[in-house]
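Residue numbers (my numbering), protein chains in the order written: chain A, 12 to 374; chain B, 12 to 374.
Yeah, the Cβ is synthetic: ideal placement off N, Cα and C, and Gly gets one too.
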């Protein structure tokens, strides 16, 4: 049994234990806290645990690479990996408010679920506003929890400072990256069309590639006391994997099957996300059709026929093929970064598996 | 010169230096980050620095009480005090979204300022939604920063763990307290009228009394290595001061002068805040007038005449006098808690001054 196979159950157990502890503490503030605490428990359930996986594999790649036996995952690693998952749950709760998303993983988004409870309980005032307000605070609570769990993990760990620094960098990068993403939906009109691809890649780098792959790897690696060379190899692997991961996400956001993704088909088109796929499409189109695309993008009321028309335009413009070629190129680049690195062989195999799963996924 | 008089300039300097450092780092992510970083710099400016003051005075009360010379504020204390101010800035940014507040400290609230920029720059899409989305992320960034600055302060501090634990408690209490406040605006109809005062006090305890006074004191005290007896005395002082502080806030939210408070007069009435003042008013009124109050409360379009009518009702019901009597009682209770405590004399004098300022303020 590799340590990786024990990770997901260990992280889930740790999350359950942590959330239960928080639940008991919160009950001292009154039974009215229950709804918030239940929403928090709900928010940390499920998901692919991608960030926990990359974190744990970053850790074992270094431990193994240094000749150590990465047979058992230390509790500090499980805490830190679980903390990344709570942080991600917080980011998703706020992200769904920002994107006005109704669903997440096939279930109502947190703010919608809170809104529904407002109605069911016969509360007064604007249910929609209550849902959003409570979800802002839910995200804040999860952010606080992620830090508490991180510190649980770093208690008495000699390399705590290095891990904290990496974690802080991750938090800033993703928050600013998310802001750039939101701003681009509004500000893209002020940038020349030929700069759009570069801008889309920069946003994908911070909000996703670094956040979802490179930094979890480096956080795990820091906990294992990685050398500069080891960190560098993991970065050169993680960044292109993360970009390929985000480009795959962009493709799924337009062409994904709603049954598999748990989100309505063509969701990114209704939201008006300015992805590389859109930048390539717009580059390929003459003025008239480009304007037609611009008018549809970001309209939350697009119907199935309009979504299909946009999908056809994106496909026939060649943009989908270009993005698929980019994904393949990034995946290849990532693969090469691992050759000859001072990282453990078993872990390198696992990194390749994780990369493949992240890049070829359908959900 | 007491150490306290050097605190505010030291905290402001530290905040400026920190924000400038973050600004330079963020520029590497692209010049489009400037708007967010400027909004962050703006959010940490000004304010009464109440939490920093209580934190520093909690620290010197213990240092002096243990016979030490609290002549100079250590840089760790300045970092931690500044971190509390960044945390508070984050809470205010999110709070203003939740309360739909247009102004803060006499200037546009963060989400409104961001919304205005959207318009000025000729960006596309919904300016209001952009303002709120960007402000959710602005609050998240400030939350991350508050933790970074806390950790700067705790680097190499032997009592770091105790300080972190206290800080974590503060974050959870205020976030859950804020949620209870939001939920009460919607859920109060499901609770019997005679429970409303107790519920209002419980919310005030967590969202404000602990957060704004007791926990800053205990965070400072932990940093000074306080004994249980010292912590206990500071708690017995801080909690009633904090409650009096919040009740004063409730009174100002209904009767305050908009020129002094920087908020529209009667703002709490338009928001429908379920304060102790309202609970007492409703208790005192017969059914008919009570229903009339319920119908007006929480209506964002209340005009000056309606606000004045509500103010008169609250005053003539005796609720204002009851709340003023509670404030006086809490202030007295706080005063007694300091008698005979193992805390430094100079600091105790400063605590009394701070308490007086918090309770008698007009803004």
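Sequence-distant residues of the same chain with beta carbon closer than 8 Å to residue i, five excluded per side
i	result
residue 88/B	66, 67, 70, 164, 231, 234
residue 311/B	111, 281, 282
residue 329/A	291, 295
residue 305/A	293
residue 259/B	338, 369, 370, 371, 372
residue 356/B	75
Residues bridged to residue i (per DSSP)
i	result
residue 115/B	118/B
C-beta atoms of residue i and residue j nearer than 8 Å
i	j	result
residue 190/A	residue 145/B	yes
residue 136/B	residue 117/A	no
residue 75/B	residue 358/B	yes
residue 93/B	residue 160/B	yes
residue 91/B	residue 174/B	yes
residue 307/A	residue 321/A	yes
residue 217/B	residue 349/A	no
residue 272/B	residue 374/B	yes
residue 208/B	residue 291/B	yes
residue 274/A	residue 17/A	no
residue 47/A	residue 152/A	yes
residue 255/A	residue 342/A	yes
residue 331/A	residue 338/A	no
residue 64/B	residue 365/B	yes
residue 194/A	residue 43/B	yes
residue 172/B	residue 314/A	no
residue 30/B	residue 52/B	yes
residue 285/A	residue 196/A	yes
residue 352/B	residue 134/A	no
residue 334/B	residue 262/B	yes
Neighbourhood of residue i by C-beta, 6 Å cutoff - its chain only, sequence neighbours within 5 removed
i	result
residue 279/B	264, 265
residue 168/A	87
residue 129/B	138, 141
residue 360/A	none
residue 221/A	184
residue 237/A	73
residue 177/A	229, 230, 233
residue 362/B	68
Cβ shell of residue i (< 7 Å), same chain only, five flanking positions each side left out
i	result
residue 62/B	95, 96, 99, 223, 227
residue 121/B	50, 54, 104, 107, 146, 149
residue 257/B	215, 219, 220
residue 225/A	246, 249, 250, 253
residue 56/A	none
residue 187/A	217
residue 143/A	108, 122
residue 101/B	150, 153, 154, 157
Burial state of residue i (16 or more Cβ within 10 Å)
i	result
residue 340/B	exposed
residue 126/A	buried
residue 24/A	exposed
residue 12/B	Here residue 12/B scores only 43 on pLDDT, less than 50, and its place in the model is too uncertain to base an answer on.
residue 59/B	exposed
residue 20/A	exposed
residue 319/A	exposed
residue 45/A	exposed
residue 200/A	exposed
residue 33/B	buried
residue 242/B	buried
residue 299/A	exposed
residue 35/A	exposed
Beta-carbon neighbours of residue i, restricted to chain D and to distances below 7 Å
i	result
residue 317/B	Among the protein chains in the structure shown, which are A and B, there is no chain D.
- Item | 4-residue-minimum alpha helix (DSSP H) runs that sit fully inside the stretch 252–319 of chain B, ordered along the chain | 269–272, 278–282, 287–295, 298–307
- Can you check the stretch 318–347 of chain A for any beta strand (DSSP E) of at least 3 residues that lies completely inside it and give the ranges in chain order? none
- Tell me the start and end of each unbroken alpha helix (DSSP H) in the stretch 70–110 of chain A that is at least 4 residues and wholly inside, in chain order. 86–109
- Which ranges would you report for the alpha helix (DSSP H) in the stretch 133–176 of chain A if only whole runs of at least 4 residues count? 138–165
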